[in-house]
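> Just passing along the structure, written as structure tokens.
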Amino acid sequence: MTANASIPRVALVTGTSSGIGEAVVRHFCAQGHQVLAVDFNPAGKAVAEQAGAAFFKADLTDGEACKAAVAEAIKRFGRVDILVNNAGIQHVSPIEEFPEAKWRQIIDLMLTAPFLLAQAVWPSMRENGWGRIVNIASVHAQVASPGKAAYISAKHGMIGLTKTAALEGGSQGITANAICPAYVKTPLVDGQIADQAKMHGMEEQEVIEQIMLKNAAIKRLIEPAEVAELVGYLASDLAGAVTGASWNIDLGWTAQ
Ligand code: NAD
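Here the sequence shown is numbered in full-length UniProt numbering, starting from 1 and rising by one per residue.
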């Protein structure tokens, strides 16, 4: 078996209208996989169709919408082989001022939805004896930074979900892994640069250099395609022995 010998699979990817999710959809389509791209932003339809994927509009903070997305993939393609939990948002403010509604929205989208989606795809993966769950966590699943209580809590929780799915899936041909990137050049990071500049009273370039790249050995932002490449590996046949692991793409942040 070689790296190019991947069999066409059916993938459900969330959070696909921009950034890492868009790059994953493009990567999978280029590999010949059938892809259902799921996002609440209607702009995701054109992004998905341009890449050769189908699109399903769903607000994943709603549990019923998570189940509907999986039902749509099974209706269209007959099964789900690969689940990539990627949709995410950020909100930056100190715990003392953190809005409860924002906390709940972040936990619903970034921890509860990945659980519900994994639960909904599980029977299809088990029946086929093959499944790949790839959770896009963050360097903030390993370490914390001030001002991001909900995001960091959700991402740390995602590692727990990944490990549990790995243990339960081991005898069923289902693997589960997490990817932990540092700052990737996406709209989500553009928003954080502005928020952090406001929170710390800094210029945006100072936020990038003094906060975002402070702990990085390699002083640059990561490209979405670099993350998509690792997703592609973890979703492949070749990664069948790899499960329950957290894969850092963090420019050396956590090496110290
Ligand atoms: P992005 O803003 O480009 O993409 C996020 C996607 O999620 C968008 O398409 C958005 O429409 C979608 N989304 C948001 N709320 C949704 C909802 N309620 N229902 C359905 N879809 C929804 O951001 P990104 O940087 O590509 O982030 C993707 C993932 O990568 C997130 O989970 C993020 O936490 C993680 N991540 C990003 C970075 C980074 O530096 N950009 C670093 C580590 C981890």
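The beta carbon of each residue, even a glycine, is placed where N, CA and C say it ideally should be.
None of the values given here were measured: they were computed from a predicted structure.
Pick helix, strand or coil for residue 259, following the three-state DSSP scheme.
This structure does not reach residue 259, given that the chain is present from 1 up to 256, and the question cannot be answered.
> Between which two residues does the alpha helix (DSSP H) containing Pro114 stretch?
Its alpha helix (DSSP H) spans residues 113 to 128.
> Sorry if obvious, but does the Cβ on Phe40 come closer than 8 Å to a heavy atom of the ligand NAD?
It does: the Cβ of Phe40 is within 8 Å (strictly closer) of some heavy atom of the ligand NAD.
> Would the C-beta of Val13 count as close to the ligand NAD, meaning under 8 Å from any of its heavy atoms?
Val13 Cβ: outside cutoff for every heavy atom of the ligand NAD.
> Judging by CA-CA distance, which residue of Ala65, Gln34, Ser17 is the nearest neighbour of Pro42?
With distances taken between Cα atoms, Pro42 lies closest to Ser17.
> Which class does Pro181 belong to by DSSP, given the choice of helix, strand or coil?
Pro181 falls in the strand class under three-state DSSP.
> Hey, would you say the C-beta of Gln248 is under 8 Å away from at least one heavy atom of the ligand NAD?
The amino acid occupying residue 248 in the given sequence is Asn; Gln does not appear at that position. No, Cβ of Asn248 sits at least 8 Å from all heavy atoms of the ligand NAD.
> Looking at chain C, is there any beta carbon in it that lies within less than 9 Å of the beta carbon of Gly129?
The structure shown has no chain C; it contains just one protein chain.
> Expressed to the nearest angstrom, what Euclidean distance is found between the alpha-carbon atoms of Met1 and Gly160?
Low per-residue confidence applies at Met1: pLDDT is 43, beneath 50, and the placement is therefore not dependable enough to give any value.
> Between the stretch 73 to 82 and the stretch 95 to 114, can you find at least three pairs of beta-carbon atoms closer than 8 Å?
No, they do not touch.
> Check each candidate in Lys45, Ala137, Val184, Glu127 and name the one with the smallest Cα separation from Glu223.
With distances taken between Cα atoms, Glu223 lies closest to Val184.
> At what residues does the beta strand (DSSP E) containing Lys57 begin and finish?
Lys57 -> beta strand (DSSP E) spans 54 to 57.
> Who does Arg132 pair with in a DSSP beta bridge?
Answer is Ile82, Thr175.
> Which same chain residues, not among the five before or five after Gly170, have their C-beta less than 6 Å away from its C-beta?
Counting only Cβ-Cβ distances below 6 Å, and skipping sequence neighbours, we find nothing.
> Helix or strand or just coil, what does DSSP make of Asp39?
Strand at Asp39.
> Does DSSP classify Leu188 as helix, strand or coil?
Reduced to three states, the DSSP call for Leu188 is helix.
> Quick check: what's the CA-CA separation for Asn4 versus Val13?
Its pLDDT being 44, under 50, Asn4 is placed unreliably by the model, and nothing is read from it.
> Roughly how many whole angstroms lie between the Cα atoms of Leu167 and Asp39?
Roughly 29 Å separates the two Cα atoms.
> Just checking Gln196 against the ligand NAD - is the residue's beta carbon closer than 8 Å to any of the ligand's heavy atoms?
The answer is no for Gln196.
> Roughly how many whole angstroms lie between the Cα atoms of Asn86 and Ile179?
The alpha-carbon atoms of Asn86 and Ile179 are separated by roughly 10 Å.
> Tell me, please, whether the stretch 182 to 202 touches the stretch 241 to 254 by the rule of three or more beta-carbon pairs shorter than 8 Å.
Taking 8 Å as the limit for Cβ pairs, the verdict is that the stretch 241 to 254 does touch the stretch 182 to 202.
> So does Ser153 have its beta carbon nearer than 8 Å to some heavy atom of the ligand NAD?
No.
> What first and last residue would you give for the beta strand (DSSP E) that runs through Ala11?
10 to 14 is the span of the beta strand (DSSP E), which, as asked, contains Ala11.
> Take the Cβ of Ile133 as the centre, count every other Cβ of all protein chains shown within 10 Å, and call the residue buried at 16 or more, exposed below.
Ile133 comes out buried.
> Less than 8 Å separating the Cβ of Lys86 from some heavy atom of the ligand NAD?
Sequence inspection shows Asn at residue 86; the Lys mentioned does not correspond to that position. Asn86 Cβ: within cutoff of the ligand NAD.
> With H, G and I counted as helix, E and B as strand and the rest as coil, what does DSSP make of Ile193?
Helix at Ile193.
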